[in-house]
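Asker: Supplied in structure tokens, the structure appears directly below.
There are 2 protein chains.
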Amino acid sequence: MLASFPNIQLGMGYAERMAWDTAATRQRLLDAGARQFAAHGLAGARMDAIGRDAGVNKERVYQYFGNKDGLFAAVLEDRLTLLLQAAGTVGNGPLGVGAYAGALCDHFAAQPDLARLLAWESLESSDSQEREGGTGNHSRAATCAAQSHAIYSALPGITRDDATQLLLSIVALCASWWTLARVGAMIAPELGTEARRSALVTQVTALAADAIARTSPPQG
Amino acid sequence: MLASFPNIQLGMGYAERMAWDTAATRQRLLDAGARQFAAHGLAGARMDAIGRDAGVNKERVYQYFGNKDGLFAAVLEDRLTLLLQAAGTVGNGPLGVGAYAGALCDHFAAQPDLARLLAWESLESSDSQEREGGTGNHSRAATCAAQSHAIYSALPGITRDDATQLLLSIVALCASWWTLARVGAMIAPELGTEARRSALVTQVTALAADAIARTSPPQG
DNA sequence: ACAATCTCCAAACAAGTATTTGGATTAAGC
DNA sequence: GCTTAATCCAAATACTTGTTTGGAGATTGT
């Protein structure tokens, strides 16, 4: 019967017409994971609920992502990559980077789940970091490293490592900006939200200029 | 043998000389709970670890606080009350309230555990809120209500409810201020931390002035 | 000194939860 | 068509973890 095929949909192409659409199942799990982890965090989310939310059996998580941590990392990478790409291309020079940060803020505001996800990760990763002793291997850092090419090419003379570090900082700043904006909105609508956004943009612009100056010091 | 009495200490008064010092045990649990909840959150903290951290059996939690949630609420109330009182007295008028917010920021910066605790609570309470349907009964709100008398008496003509709401806002603002300050410190030491602190002080001052104006509108 | 009460802990308990297994159904190769 | 491999689910498993129990030692009152 048809109820056995939750993945099947109308109007699909060749690959999608298969009764077993593994890509769709994987994506369902990523979406459900994003929702559940954003709502309850890594420790609070339940595999049971994730499976139900995705409309598939929870066992699928282990087939596709190994375990709970693996799904969490995959969700974070997926959503963060999407965000960084959705923020658009990075214009040349520090001003371009600043504008990029502003666009990121807007996307954070429009997509509260992602901000929550990063907030959970901030708390939980700094937790596991000291437990493992070594440098935390968050997928946030890995994703920023993978997506730093845009900033790298926007700032002539910058190191690739510095570009990654800058992107990581921008994400952290924008995430906490969103938190502050949300508090402000709770107190009074539009209470300095716009002003704070532009302040963040100028600050990131300065950061970008700083990164260039630090990497390629004025010779002579 | 003496090892059976973890609570015993030297140089104690009458009540403290008892072999069973229930007040000390209770405080040990509060301290351990503050550490563990700040590190791992409500869902991530383990009763086992809390007991070990406190140097007493985990069963004590149930005797003193009912259950895990009860301990969490008690910890939050204890620490937040301590913070609000440690920030000192509130000077008269909006300026006094602004200065009070500045002092709060300093205490947050000096005591990172409390900021983490509030961050966990923000995420986890907004989670349970929608699960229970009703208005979240966080102990944060209750504590602020209990401690709002200082602000209430500093702003002539303000409602008690408005004073509570203002204090709640100040705490939220200071907590997210601390997060932002920490990110800034990670990027570059003292990167605008001072400027951001004074910006928050002026903003809270404006909030306080607003609260007065809202409660007692200019007649005539 | 004796009984009643309180404080505490080690071990047991029960509920919850991540992970695995066995098998049913479907797709692909020959 | 038949075999082989892939996908999926329901139920079982293994383990974690919040909570309770039973009893030992300490205190208080008489």
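Note that the protein sequences, when read in sequence, are chains A and B.
Using my numbering, read the first sequence as starting at 1 and increasing by one per residue.
Using my numbering, read the second sequence as starting at 221 and increasing by one per residue.
Every residue gets a Cβ at the ideal spot worked out from N, C-alpha and C, and that includes glycine.
For the alpha helix (DSSP H) containing S169(A), list its first residue and its last residue.
Answerer: In the first sequence, the residue the question calls residue 169(A) occupies position 169. Per DSSP, S169(A) belongs to the alpha helix (DSSP H) from R160 to I187.
Asker: P376(B) by DSSP, collapsed to three states: which one?
Answerer: Along the second sequence, one-based indexing puts residue 376(B) at 156. P376(B) falls in the coil class under three-state DSSP.
Asker: Using a beta-carbon distance below 8 Å, is L180(A) in contact with chain B?
Answerer: Taking the first sequence and counting its residues from 1, one reaches residue 180(A) at position 180. Yes - at least one Cβ of chain B is within 8 Å of the one on L180(A).
Asker: If you measure beta-carbon to beta-carbon, which residues of the region 417–428 of chain B are closer than 8 Å to chain A?
Answerer: Cβ contacts with chain A come from Q423 and L427.
Asker: Where does A109(A) fall in DSSP's three states?
Answerer: Here residue 109(A) refers to the residue found at position 109 of the first sequence. Of the three classes helix, strand and coil, the one that applies to A109(A) here is helix, per DSSP.
Asker: On the criterion of 16 or more Cβ atoms from any shown chain inside 10 Å, does E341(B) qualify as buried, or is it exposed?
Answerer: As a position in the second sequence, residue 341(B) is number 121, starting the count at 1. Buried.
Asker: Given this structure, state the Cα-to-Cα distance separating L42(A) from V204(A), to the nearest angstrom.
Answerer: Translated into positions along the first sequence, residue 42(A) becomes position 42. Translated into positions along the first sequence, residue 204(A) becomes position 204. Between L42(A) and V204(A), the C-alpha separation is close to 30 Å.
Asker: With 9 Å as the C-beta to C-beta threshold (strictly closer), list the residues of the region 330–345 of chain B near chain A in chain order.
Answerer: Cβ contacts with chain A come from R336, A339, W340, S342, L343 and E344.
Asker: What distance in whole Å lies between the Cβ atoms of L303(B) and L334(B), which are believed to be in contact at a cut-off of 8 Å?
Answerer: In the second sequence, counting from the first residue as 1, residue 334(B) sits at position 114. In the second sequence, counting from the first residue as 1, residue 303(B) sits at position 83. Confirmed, about 6 Å.
Asker: By Cβ distance below 6 Å, which residues in the same chain neighbour L324(B) in space, the five residues on each side in sequence not counted?
Answerer: Here residue 324(B) is taken as the residue at index 104 of the second sequence, counted from 1. Within the same chain, L324(B) has close Cβ partners A307 and C394.
Asker: Cutting at 6 Å between CB atoms, please list the residues of its own chain near S148(A), excluding the five before and the five after it.
Answerer: Translated into positions along the first sequence, residue 148(A) becomes position 148. Cβ within range, chain order: A163, T164 and L167.
Asker: Please state the DSSP three-state secondary structure of G275(B).
Answerer: Residue mapping note: residue 275(B) aligns to position 55 of the second sequence, counting from 1. Here G275(B) sits in coil by DSSP.
Asker: Under 8 Å Cβ-Cβ, which residues of chain A neighbour L387(B)?
Answerer: Here the question's residue 387(B) lines up with position 167 in the second sequence. Per Cβ cutoff of 8 Å: no residues; L387(B) is ~12 Å from chain A at best.
Asker: Are the CB atoms of L80(A) and A54(A) nearer to each other than 8 Å?
Answerer: Your numbering for residue 80(A) matches position 80 in the first sequence. Your numbering for residue 54(A) matches position 54 in the first sequence. Going by C-beta atoms, L80(A) is not nearer than 8 Å to A54(A).
Asker: Within its chain, find whatever has a CB closer than 8 Å to the CB of R60(A); leave out the 5 residues flanking it on each side and keep chain order.
Answerer: One-based indexing of the first sequence puts residue 60(A) at position 60. Cβ within range, chain order: T25, L29, G51 and A54.
Asker: Are the C-beta atoms of L250(B) and some chain A residue less than 8 Å apart?
Answerer: Here residue 250(B) is taken as the residue at index 30 of the second sequence, counted from 1. Closer than 8 Å: no.
Asker: Do the CB positions of S231(A) and L337(B) come within less than 8 Å of each other?
Answerer: The question about residue 231(A) has no answer, for chain A in this structure spans 1 to 220.
Asker: Taking beta-carbon pairs under 9 Å, can you tell me which members of the region 56–78 of chain A lie near chain B?
Answerer: Flagged: no residues at all.
Asker: With a threshold of 8 Å between beta-carbons, can A202(B) be considered close to chain A, or not?
Answerer: One cannot answer for residue 202(B) here, as it falls past the ends of chain B, which runs 221 to 440.
Asker: Between the Cα of A408(B) and the Cα atoms of G184(A), I170(A) and M186(A), which residue gives the shortest distance?
Answerer: Here residue 408(B) refers to the residue found at position 188 of the second sequence. If we check each option's Cα against that of A408(B), I170(A) comes out closest.
Asker: Within a Cβ cutoff of 8 Å, which residues of the same chain sit near V276(B), ignoring the five residues on either side of it in sequence?
Answerer: As a working mapping, residue 276(B) is identified with position 56 in the second sequence. The residues are P226, T245, R248 and L249.
Asker: Secondary structure at T89(A), three-state DSSP: helix, strand or coil?
Answerer: Working through the first sequence from its first residue, we reach residue 89(A) at position 89. The answer is coil: DSSP assigns T89(A) none of H, G, I, E or B.
Asker: So with CB distances below 8 Å, who are the chain A contacts of V403(B)?
Answerer: Translated into the one-based positions of the second sequence, residue 403(B) becomes position 183. Those are S169, A172, L173 and S176, listed as they occur along chain A.
Asker: Taking only the alpha-carbon atoms, compute the straight-line gap between A365(B) and G98(A) and give it to the nearest angstrom.
Answerer: By 1-based counting over the second sequence, the position of residue 365(B) is 145. By 1-based counting over the first sequence, the position of residue 98(A) is 98. Distance between the alpha carbons of A365(B) and G98(A): 41 Å.
Asker: Alpha carbon to alpha carbon, how far is S359(B) from D161(A)?
Answerer: Working through the second sequence from its first residue, we reach residue 359(B) at position 139. Working through the first sequence from its first residue, we reach residue 161(A) at position 161. Distance between the alpha carbons of S359(B) and D161(A) is about 44 Å.
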